[in-house]
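Novice:
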Amino acid sequence: MQNERRDVSKMDNRQPIRVVLAKVGLDGHDRGIKVVARALRDAGMEVIYAGLWQTPEAAVRTVADEDADWLGLSLLSGAHMTLVPRVVELMRKAKLDHVGILVGGIIPEEDIPKLVQMGVARVFGPGTSMAEIVTFLRDKSKKSGAVRA
Amino acid sequence: MLESLLDKFRGGDRQALSRLLSMASRGEVPDSLLDQLAKPTQQSLVVAITGSGGVGKSTLIGRLIPIIRKENQGVAVLACDPKSPLTGGALLGDRFRMPALPEDDGVFIRSLAAAPGQASLAANLPAMIQLLKAFGFSVVVIETVGAGQGDTAVRSLADIVVLLLQPETGDDLQWEKAGLLEVADLVVIHKADLPGAEGTEARVRDILGLSAGKKAKVLRVSSKPGQGIPELWQTIQATSSH
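Chains as they are written, first to last, in this note's numbering: chain U, 959 to 1107; chain E, 158 to 399.
1. Find out if the Cβ-Cβ distance for the pair Ala247/E, Glu1067/U is shorter than 8 Å.
2. For the segment 283-299 of chain E, which residues have a beta carbon sitting closer than 8 Å to at least one beta carbon of chain U?
3. Contact between the segment 316-326 of chain E and the segment 352-363 of chain E: three or more CB pairs below 8 Å?
4. Can you pull out the residues from the segment 1031-1052 of chain U whose beta carbon lies closer than 8 Å to at least one beta carbon of chain E?
5. What's the C-alpha gap between Ala236/E and Phe294/E?
6. Pop quiz: Leu343/E and Thr392/E are said to be a contact at Cβ under 8 Å. What is the actual Cβ separation, rounded to whole angstroms?
7. Buried or exposed: where does Met158/E fall if 16 or more other Cβ atoms within 10 Å of its Cβ makes it buried?
8. Name the residues in the segment 168-179 of chain E whose C-beta lies less than 8 Å from a C-beta of chain U; which are they?
9. Shortest alpha-carbon distance to Asp363/E belongs to which of Gln331/E, Val297/E and Met180/E?
10. How about Val1061/U and Leu1033/U: are their beta carbons less than 8 Å apart?
11. Give the residues of chain E in contact with Met1003/U, contact being defined as C-beta atoms less than 7 Å apart.
12. Note down, in chain order, all residues in the segment 210-230 of chain E with a beta-carbon under 8 Å from any beta-carbon belonging to chain U.
13. Once the 5 residues before and after Lys240/E are set aside, which same chain residues still bring their CB inside 8 Å of it?
14. Chain E beta carbons: is any one of them nearer than 8 Å to that of Thr1013/U?
15. Comparing C-alpha positions only, which one of Lys381/E, Lys372/E, Thr301/E and Ile346/E sits nearest to Val203/E?
16. Looking only at its chain, what residues have a beta carbon closer than 8 Å to the beta carbon of Gln200/E, apart from the 5 residues adjacent to it on each side?
17. If we ignore side chains and look at the alpha-carbon of each, how far apart do Val264/E and Gln230/E end up?
18. Going by other Cβ atoms of all chains shown within 10 Å of its Cβ, with 16 needed for buried, is Lys196/E buried or exposed?
19. For chain B, is any of its Cβ atoms less than 8 Å away from the one on Leu1095/U?
20. Can you give me the start and stop residues for the alpha helix (DSSP H) that Thr396/E sits inside?
21. By Cβ distance below 7 Å, which residues in the same chain neighbour Leu282/E in space, the five residues on each side in sequence not counted?
22. Quick one: using the 10 Å Cβ neighbour count with 16 as the cut-off for buried, is Asp965/U buried or exposed?
23. Would you please verify whether the beta carbon of Gly990/U is less than 8 Å from any beta carbon of chain E?
24. Against Glu1024/U, what residues of chain E qualify as contacts under a CB-to-CB distance less than 7 Å, listed in chain order?
25. Could you tell me whether any Cβ in chain E is nearer than 8 Å to the Cβ of Gly1058/U?
26. Rounded to whole angstroms, what's the CA-CA distance from Ala1017/U to Ile1065/U? Just pull it up for me.
27. Roughly how many angstroms separate the alpha carbons of Val1046/U and Gly1009/U, rounded to a whole number?
28. I'd like to check one pair, Pro223/E with Pro462/E: are the Cβ atoms closer than 8 Å?
29. Please list, in chain order, the residues of the segment 181-215 of chain E that have any C-beta partner in chain U closer than 8 Å.
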């Protein structure tokens, strides 16, 4: 994806979208989430990289303390139907309903509607272009008012 | 909206603190409101950790957090990382190196993007520090962006400035230069398990010995094997109480 060059002097009062990216559980594959982190950075967002081996509790605490607009979870371990519901539940308990949840990684087709049903905004599988993720975040953030421009 | 947030804040609502910090970081919380907040009941300490990128600031703060918590002091970290001069985006990767302690309300970490040309610091830090103190955090740690020789503005924010150096950085002329070394209260030779730590310590001590007035202390610390961390915290407390 092409870097977008913006006039930095006009950017001072813009409030960038803040995204927490985390891997929950024991899966150690962090190449994909790092590529996404870099793409969102280059799209002008503030990416809080929480990294590997986060518990659902730790990921939710990070979102709360960082006052983030989005939480992106990457799962390649097959544990998504155990871990994602736990995160969604903890987010609700923490009154973080205004924060959108994204899931990326290896998610079987039949699980995607279930994840969306439980409150995940979108699931991005292998082959997703970075532009698609950026566009989704920008569009949805405008709607929810999370881009506080 | 600000008033209701402040009410929640006074009631100890962590989410209100988080939101107010965001507003303060944008300069949206007026000083008059900050001044109405309750004064901290206990003594507070603002510690700045600075040094070049990759010297181990985040890792060392991660090591200090459990030690500070053992003393039952609340600790908040304001961790700055650079904002892109091209896109305004940022990859904030400091808390990644700090322990995730979601069950401990005595630890709060906020990642901040610092604009280019801001001396390695995010904007509006004093207001954020004031909020964290008023919320009850008795220790506030500021982590600068990887700092260069001239990034001395941190001095005015903190009670104590800790400068991290690593082995094999600079010869003796390097340490004669004006700037960051002059504003440090404490110099840590970090990664002291690596070869050359003693030599770097000796050179820095020599130079600091020549300066007039208060002399910065020099300590060797190694976060990887975890050596010298409790001693560092003791020294920080002892130095700041003078």
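Every residue gets a Cβ at the ideal spot worked out from N, C-alpha and C, and that includes glycine. All of these numbers come straight from a predicted model, not from anything done at the bench.
Specialist: Reading off the structure:
1. One-based indexing of the second sequence puts residue 247/E at position 90. One-based indexing of the first sequence puts residue 1067/U at position 109. No, these two residues do not count as a Cβ contact at 8 Å.
2. none
3. yes
4. Ala1052
5. In the second sequence, the residue the question calls residue 236/E occupies position 79. In the second sequence, the residue the question calls residue 294/E occupies position 137. Each residue's Cα considered, the two are about 15 Å apart.
6. Stepping through the second sequence from its first residue, residue 343/E is reached at position 186. Stepping through the second sequence from its first residue, residue 392/E is reached at position 235. 6 Å between Cβ atoms; contact.
7. Counting from 1 along the second sequence, the entry for residue 158/E is found at position 1. Classification for Met158/E: exposed.
8. Arg171, Gln172, Ser175, Arg176, Leu178 and Ser179
9. Within the second sequence, residue 363/E is the residue found at index 206, counting from 1. Checked all of Gln331/E, Val297/E and Met180/E; the closest Cα to Asp363/E is Gln331/E.
10. Along the first sequence, read from residue 1 onward, the residue named residue 1061/U stands at position 103. Along the first sequence, read from residue 1 onward, the residue named residue 1033/U stands at position 75. Yes, they are a contact pair.
11. Residue mapping note: residue 1003/U aligns to position 45 of the first sequence, counting from 1. Under the 7 Å cutoff, chain E gives Gly246.
12. none
13. Mapped onto the second sequence, residue 240/E falls at position 83. The answer, listed in chain order, is Gly246, Ala247, Ala270, Ala271, Ala272 and Pro273.
14. Numbered from 1 along the first sequence, position 55 holds the residue referred to as residue 1013/U. So, interface residue.
15. Residue 203/E sits at position 46 when you count from the first residue of the second sequence. Checking every option, the nearest Cα to that of Val203/E belongs to Thr301/E.
16. Numbered from 1 along the second sequence, position 43 holds the residue referred to as residue 200/E. Cβ within range, chain order: Ser295.
17. In the second sequence, residue 264/E corresponds to position 107, counting from 1. In the second sequence, residue 230/E corresponds to position 73, counting from 1. Taking the straight line joining both Cα atoms gives about 9 Å.
18. Start at 1 with the first residue of the second sequence, and residue 196/E comes out as number 39. So Lys196/E ends up on the exposed side.
19. Any reference to chain B falls outside this structure, whose protein chains are U and E.
20. Here residue 396/E refers to the residue found at position 239 when the second sequence is read from its first residue. Residues Ile386 to Ser397.
21. Start at 1 with the first residue of the second sequence, and residue 282/E comes out as number 125. Cβ neighbours of Leu282/E beyond the five flanking positions: Leu235, Ile299 and Leu314.
22. Taking the first sequence and counting its residues from 1, the one referred to as residue 965/U is at position 7. Note that Asp965/U scores a pLDDT of 45, beneath 50, so its modelled location is shaky and nothing firm can be said.
23. Looking up residue 990/U in the first sequence gives position 32. It does not: the Cβ of Gly990/U has no partner Cβ on chain E nearer than 8 Å.
24. Along the first sequence, read from residue 1 onward, the residue named residue 1024/U stands at position 66. Going along chain E in sequence order, the residues near Glu1024/U (Cβ under 7 Å) are Arg267 and Ser268.
25. In the first sequence, residue 1058/U corresponds to position 100, counting from 1. Chain E contact via Cβ: absent.
26. Working through the first sequence from its first residue, we reach residue 1017/U at position 59. Working through the first sequence from its first residue, we reach residue 1065/U at position 107. Going by the C-alpha atoms only, they are around 19 Å apart.
27. Translated into the one-based positions of the first sequence, residue 1046/U becomes position 88. Translated into the one-based positions of the first sequence, residue 1009/U becomes position 51. Approximately 18 Å between the Cα atoms of the pair.
28. Nothing about residue 462/E can be read from this structure; chain E reaches only from 158 to 399.
29. Arg183
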